[in-house]
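Below is one structure, written out as C-alpha cells; the observations come after it.
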Amino acid sequence: MNMKYDLTLMLNEEDESKIIKELLSSLKIKVEKEDFWGKKTLAYPIDKFKALYYFNWQIDSAEDIIKELKNKIKFEEKLIRYLLLKA
C-alpha cells in the first residue's frame, strides 16, 4: 500500500537536486509536488557551511521502497541533512 511522504533536503549545491530526482525515479517513487525553497542562511554552521539550499518533495510510495530510499540518501556526499515524514 502506498503512503504519502514529505521529503525535505538541505544540499550544499543547487545542482545536486538532479541526483535526488534521478534516485527517486530509479526507485519508481511518484513525485506529486516539488518545491525549491532557495538558499537559506543557517543559524549556526553545519559541517562548515553557513548557508544551504533547501528542497522539498511530496512523494507517494510503498514503505519498503521508502526504506531503500533512506539507505541510499544517507550516502549522498552533497546531502547535509534530510527529513522524511509521513504526510
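Quick note: the sequence shown uses this note's numbering, first residue 187, plus one each step.
Virtual Cβ for every residue (Gly too), placed ideally from N, Cα, C.
Nothing here was measured: the structure is a model prediction, and the numbers come from that model.
Check                                                                                               : Outcome
N257 - DSSP class collapsed to helix/strand/coil                                                    : helix
8 angstroms CB neighbourhood of Y268 in its chain, flanking five on each side removed               : L193, T194, L195, M196 and I259
Rounded separation between K264 and Y230 - CA only                                                  : 18 angstroms
Whole-angstrom distance between I215 and M187, CA atom to CA atom                                   : 13 angstroms
Cutoff 8 angstroms; reference L210; Cβ partners in own chain excluding five residues on either side : V217, W243, I245 and L255
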